[in-house]
Amino acid sequence: MRLKSFYAKTMTEAMQMIREALGEDAIIVATREENGGRSVRVTAAIDRMDDGPAFEIAPKPRTARRPSAGIPQDYLQYDLEEDAEDAINEVLTDTLLRHGFPSDISDNVLSTATLMGMPDPQSALRAALEQTFSFAPLPLKSHKALMLIGAPGAGKTLATAKLAARAVMAGRKAAVISTDTIRAGGVEQLEAFTKLLQIQLKKSRNAKELRAHLETTRDCDMVLIDTGGCNPFDVDDMRGLAGLMDSGAVEPVMVMAAGGDAEESAEMARCFAVLGVQRLLPTRLDIARRMGGLFAAASRSGIAFSEASNTPMVADGIVTLSAQSLSNLLLPPSMRGRPSTTRGAAQTAPNKSIRRTG
Ligand SMILES: Nc1nc2c(ncn2[C@@H]2O[C@H](COP(=O)(O)OP(=O)(O)OP(=O)(O)O)[C@@H](O)[C@H]2O)c(=O)[nH]1
Ligand SMILES: [Mg+2]
Numbered sequence: 004m005r006l007k008s009f010y011a012k013t014m015t016e017a018m019q020m021i022r023e024a025l026g027e028d029a030i031i032v033a034t035r036e037e038n039g040g041r042s043v044r045v046t047a048a049i050d051r052m053d054d055g056p057a058f059e060i061a062p063k064p065r066t067a068r069r070p071s072a073g074i075p076q077d078y079l080q081y082d083l084e085e086d087a088e089d090a091i092n093e094v095l096t097d098t099l100l101r102h103g104f105p106s107d108i109s110d111n112v113l114s115t116a117t118l119m120g121m122p123d124p125q126s127a128l129r130a131a132l133e134q135t136f137s138f139a140p141l142p143l144k145s146h147k148a149l150m151l152i153g154a155p156g157a158g159k160t161l162a163t164a165k166l167a168a169r170a171v172m173a174g175r176k177a178a179v180i181s182t183d184t185i186r187a188g189g190v191e192q193l194e195a196f197t198k199l200l201q202i203q204l205k206k207s208r209n210a211k212e213l214r215a216h217l218e219t220t221r222d223c224d225m226v227l228i229d230t231g232g233c234n235p236f237d238v239d240d241m242r243g244l245a246g247l248m249d250s251g252a253v254e255p256v257m258v259m260a261a262g263g264d265a266e267e268s269a270e271m272a273r274c275f276a277v278l279g280v281q282r283l284l285p286t287r288l289d290i291a292r293r294m295g296g297l298f299a300a301a302s303r304s305g306i307a308f309s310e311a312s313n314t315p316m317v318a319d320g321i322v323t324l325s326a327q328s329l330s331n332l333l334l335p336p337s338m339r340g341r342p343s344t345t346r347g348a349a350q351t352a353p354n355k356s357i358r359r360t361g
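Under the numbering used here, the first residue of the sequence shown is numbered 4, with each subsequent residue one higher.
This is the structure we're talking about:
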């Protein structure tokens with residue numbers, strides 16, 4: 004995708020310039036009023052495989068001027084590829100678009116990135132994510148049990164096993180409890196992992212049993228509770244989960260698979276936030292190509308990013324999320340300066356750009 008921005012006095016003029024310069028296939032990706040509403044800036048995109056890099060950072064001599072009063076209309080076009088700051092903006096616009104960020108969140112990240120005044124897209128994105136999102140890594144030792152909650156199939160059980168493995172490898176005393184006792188195979192799946200870690204798996208069929216188990220695991224550095232899949236839009240499901248959370252000192256951690264629809268993920272996160280969730284643990288970073296859902300979930304609910312899972316292998320552990328790792332995920336260093344050739348795929352390389360910690 005190649006991005007180009009145009010300044011004009013009116014939207015109609017801008018659209019005409021875009022049609023003339025890029026043709027009928029151009030797509031409008033952003034519009035903004037400039038000069039206190041006296042002109043507009045319209046950014047348009049077009050798929051081009053053979054037209055050099057999508058952006059250039061090094062400033063080049065200008066061939067056209069910015070709009071000012073009294074100049075003929077053919078001077079109004081201003082190619083922002085000649086301006087380093089705007090070139091960064093366009094790379095980031097392209098990146099966030101490809102990841103399916105909702106426009107309000109994307110605008111927020113972009114304007115923050117512009118304010119940060121960084122020299123390249125990668126560091127501008129990192130700085131903007133740092134300012135726009137919260138980060139709260141999970142502790143290795145906590146007096147509260149971590150209860151992993153989320154929609155069916157979100158990756159709760161695997162994440163529980165990974166967190167238990169991380170705690171054990173760090174020399175911590177860990178306990179694992181499963182409340183997923185109704186679904187066939189729910190406990191057995193986790194037991195296969197806990198046996199390898201030589202941790203006894205406790206099973207709780209209800210809040211009373213969970214309370215009893217929490218009492219007996221008080222001496223542990225880390226207590227992890229795996230729960231069954233919960234439909235956040237179902238009142239009974241949410242009531243059941245709230246009841247379990249009331250069993251003792253428990254922190255709920257929302258597990259969410261990457262790649263979901265942005266609005267859907269955001270709505271889910273808002274429902275879980277009502278239960279007091281403060282941390283998000285994304286999963287399946289390795290098999291998702293669009294991260295807009297995760298960012299929408301975090302942004303709209305105010306929930307902080309914690310760790311994430313990016314492999315189905317327990318032993319490969321879990322990664323700690325930060326503005327740097329998320330910026331690498333959205334805009335891998337290997338993609339810097341490369342034109343995007345397909346609008347559909349957010350990136351073509353596997354998501355291995357974030358650091359492993361366990
Ligand atoms: N590739 C990949 N697969 C994952 C990841 N996390 C989970 N999975 C897979 O996704 C599937 C569901 O994971 P589970 O941990 O069983 O999900 P769950 O939330 O416990 O599911 P329910 O208990 O049925 O609600 C399994 O096949 C996991 O191996 C990940 O980060 N990457
Ligand atoms: Mg499970």
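We put the beta carbon where it would ideally sit given N, CA and C, even for glycine. Note that this is a predicted model, so its numbers are computed, not measured.
Classified as exposed, glycine 26 has fewer than 16 neighbouring CB atoms from the shown chains inside 10 Å of its CB.
For serine 250 and proline 155, the gap between their C-alpha atoms comes out near 22 angstroms. If the five residues before and after threonine 163 are omitted, its C-beta is found closer than 6 angstroms to the C-beta atoms of Leu151, Leu227 and Asp229, all from its own chain and listed in chain order. Cβ atoms of tyrosine 10 and glutamate 36 stay farther apart than 8 angstroms, at about 11 angstroms. In this structure alanine 299 touches glutamate 266 by the C-beta definition: roughly 7 angstroms separates them, less than 8 angstroms.
The closest CA to that of asparagine 313, considering only Ser337, Leu284 and Ala307, is found on Leu284. The beta carbon of lysine 147 lies closer than 7 angstroms to those of Ala252, Val253 and Glu254 in the same chain, with the five residues before and after it left out. Across the structure, isoleucine 290 and leucine 113 are spaced so that their CA atoms are roughly 26 angstroms apart. Of all alpha-carbon atoms in Gly296, Val171, Met248 and Val190, the one lying nearest the alpha-carbon of arginine 273 is that of Gly296. If you ignore the 5 residues before and after methionine 241, its C-beta comes within less than 6 angstroms of no other C-beta in its own chain.
For phenylalanine 9, the pairing in a beta bridge is given by DSSP as Val45. In this chain, methionine 241 is not harboured by any beta strand (DSSP E); it is covered by the alpha helix (DSSP H) spanning 238-248. Within the same chain, no residue comes within 6 angstroms of glutamate 212 by CB-CB distance, once the 5 residues on both sides are set aside.
For glutamate 254, the enclosing beta strand (DSSP E) covers residues 253-260.
Residue environment analysis places glycine 189 among the buried positions, since at least 16 neighbouring C-beta atoms fall within 10 angstroms of its C-beta. For threonine 160, the closest alpha carbon among the candidates Ile306, Ala48 and Ala260 is that of Ala260.
A straight-line Cα-Cα distance of about 12 angstroms links alanine 90 and methionine 121. Where aspartate 229 is concerned, the enclosing beta strand (DSSP E) starts and stops at 225-229. Counting only runs that start and end inside the segment 154-190, the alpha helix (DSSP H) elements of at least 4 residues fall at 159-172. Taking all protein chains shown into account, lysine 7 has 16 or more neighbouring C-beta atoms within 10 Å of its C-beta and is therefore buried. In this structure, the C-beta of alanine 300 stays at least 7 angstroms away from each heavy atom of ligand 1. Exclusion of proline 142 from the 7 angstroms shell around ligand 1 follows from its C-beta lying no nearer than that to any non-hydrogen atom of the ligand. With contacts defined by Cβ atoms closer than 8 angstroms, leucine 100 and proline 124 do not form a contacting pair. Under the DSSP assignment, glutamate 37 falls in the beta strand (DSSP E) whose first and last residues are 30-37. For threonine 286, the secondary structure class from DSSP, reduced to helix, strand or coil, is strand. Cβ contact annotation for lysine 206 (same chain, cutoff 7 angstroms, sequence separation greater than five): Ser181, Thr184 and Val190, in chain order.
By the CB criterion at 8 angstroms, lysine 176 and valine 317 fall outside the cutoff. Between leucine 128 and serine 328, the CB-CB gap reaches or exceeds 8 angstroms. Judged by DSSP secondary structure, leucine 332 falls within the alpha helix (DSSP H) whose first and last residues are 326-333. A distance below 7 angstroms between beta-carbons, with the five flanking residues on each side excluded, links isoleucine 31 to the following residues of its chain, in chain order: Val45 and Ala47.
A direct Cα-to-Cα measurement between proline 142 and leucine 247 gives close to 21 angstroms. Beyond the five residues adjoining it in sequence on each side, arginine 303 comes within less than 7 angstroms, by CB distance, of Ala269, Ala272 and Arg273 in the same chain, given in chain order.
Between valine 179 and leucine 193, the gap from beta carbon to beta carbon is short of 8 angstroms.
The beta carbon of proline 105 sits closer than 6 angstroms to the beta carbons of Ala265 and Ala299 from its chain, once the five residues preceding and following it are set aside; these are given in chain order.
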